[in-house]
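So the structure is just underneath, and the comments pick up after that.
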Amino acid sequence: MSDIVGLGTLAMDVLIQVDRLPGPDGFAVVTGRSYLPGGSGTNVIAQAARLGAAAAYIGKVGDDQLGGQIIDSLQAEGVDTAGMRVLPGGTSLSTTVVVDAAGDRFILLDLGDAFGSLTPGEVDLHTISTAKVFYTDLVPRDAALAGLAAATTSGVPVVFGLEVGMGTMAGLGVSREDVLAAAAKATVFLPCREGLTDLCGSDDVETGLAFLAAHCPGLSIVTLGGDGAIAVSGSGERITVSGYPVTPVDTTGAGDAFAGAFLYFHFIDGRDSADSIRLANAVAAASCTQLGARSGPDLIGLTSFLATATKE
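Under the numbering used here, think of the first position of the sequence shown as 1115, with each following residue one higher.
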């Protein structure tokens, strides 16, 4: 039995380092290029596994080279891939991440045709219903909703990570109503800042927190980069936790590292919300000091980071 089961995005990242991010019609010099496993959903589960969770992932790839690399990368992290499906002749999802020397970035998404073809009938509902916690980013929509229903029916806690803005979610076939309905059922809701802004109509953090308290009965957590994170419950109770300032090399996947660490420390290690957020902040900060979307530390690396880190 797996402690944590994830269902959602999975990809290979093409990481391109540039001297600066160009504006419209601008120009930049490529200073490095590498191919790294990515995809927000798999990043979250890989981080949880790296910290010690027994984890499994459900998704679909093509039978191309990238698909094999995606599955291999999960297995290398100790993630159970029995729930992975392969589309014959299919093209796997990939992203191109362009990052400058300050760690700022933009991401280009190539969906391929395999990822979105995962059907509810291909989802291992038994694995979800016997887990300690289920994580999803709500894509592919129908498969994710089937997993969400299996978890809630079985009393399995659900963590829903809204990892992109609503424009991208709409392009993936997920509506605002879908997102709000899933957030209302989630034990923990982790919206990215862009997604929260789209949902509440404002980039003001206070407005966003009030919106979350009104729409999400469970715990919602908003990450604030180096400033830490704020959690709010449906009753309006708040938890504010400081961050760990670092000099960033690459911020890609920091939010995923946070989510994976919170999953592990709260649901598997049994820590309270505040301490889990504190440790998740540390894991996210440490991940920003390395290249790649899966650069968060294991427990030994986290202990080393905490021994020298200072809080904001």
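Backbone N, C-alpha and C fix where the C-beta goes; we use that ideal spot for every residue, glycine too.
Using the beta-carbon count (16 or more within 10 Å), is residue i buried or exposed?
i	result
Glu1351	exposed
Thr1233	exposed
Ser1418	exposed
Thr1422	exposed
Gly1285	exposed
Thr1210	exposed
Arg1408	buried
Tyr1149	exposed
Ala1190	exposed
Met1126	buried
Met1115	exposed
Ile1344	buried
Would you mind giving the Cβ-Cβ distance between residue i and residue j, rounded to the nearest angstrom? I have them listed as a contact below 8 Å.
i	j	result
Ile1130	Ala1162	That pair is no contact at about 28 Å.
Leu1310	Val1293	11 Å between Cβ atoms; not a contact.
Asp1312	Gly1342	Going by Cβ atoms, the distance from Asp1312 to Gly1342 rounds to 23 Å, so no, they are not a contact pair.
Pro1271	Phe1381	6 Å
Val1158	Gly1192	Going by Cβ atoms, the distance from Val1158 to Gly1192 rounds to 14 Å, so no, they are not a contact pair.
Gly1217	Pro1362	3 Å
Phe1274	Thr1250	6 Å
Gly1406	Thr1366	7 Å
Look at the alpha carbon of residue i and the alpha carbon of residue j, and state the distance between them as a whole number of angstroms.
i	j	result
Gly1357	Gly1269	32 Å
Ile1242	Arg1134	43 Å
Gly1203	Cys1314	41 Å
Val1288	Leu1252	8 Å
Gly1122	Pro1359	30 Å
Thr1354	Ser1347	12 Å
Ala1368	Ala1215	16 Å
Ala1327	Asp1227	37 Å
Ala1168	Asp1386	20 Å
Thr1205	Thr1424	44 Å
Leu1180	Ser1349	45 Å
Leu1262	Cys1330	16 Å
Thr1337	Arg1307	8 Å
Thr1266	Val1144	47 Å
Asp1178	Ala1398	31 Å
Gly1182	Leu1222	21 Å
Ala1400	Ala1298	31 Å
Val1302	Gly1339	19 Å
Val1063	Gly1235	Given that the chain is displayed from residue 1115 to residue 1426, the structure contains no residue 1063 and the question cannot be resolved.
Ile1414	Ala1396	13 Å
So who's on the other strand from residue i, going by DSSP bridges?
i	result
Pro1305	Leu1276
Phe1325	DSSP output for Phe1325 lists no bridge partner at all.
Met1198	Gly1173
Pro1151	Met1126
Leu1313	According to DSSP, which records beta bridges pairwise, Leu1313 is partnered with nothing at all.
Asp1218	Per DSSP, none; premise fails for Asp1218.
Gly1146	Gln1131
Ile1344	Val1336, Thr1354
Gly1120	Tyr1171, Tyr1249
Original post:
Counting pairs of Cβ atoms below 8 Å between the region 1192-1202 and the region 1257-1267, do you hit three or more?
Top reply: Result no; under three Cβ-Cβ pairs closer than 8 Å.
Subject >> the region 1132-1141 / the region 1152-1168 touching (three or more Cβ pairs under 8 Å) >> reply: In short, these stretches do not touch, since the Cβ pair count stays below three.
Original post:
Would the region 1354-1374 and the region 1308-1322 be scored as touching if the rule is three or more Cβ pairs under 8 Å?
Top reply: No: fewer than three Cβ pairs fall under 8 Å.
Original post:
So does the region 1380-1399 actually touch the region 1172-1179, counting three or more Cβ pairs closer than 8 Å?
Top reply: The region 1380-1399, when compared against the region 1172-1179, does not touch it at the 8 Å Cβ threshold.
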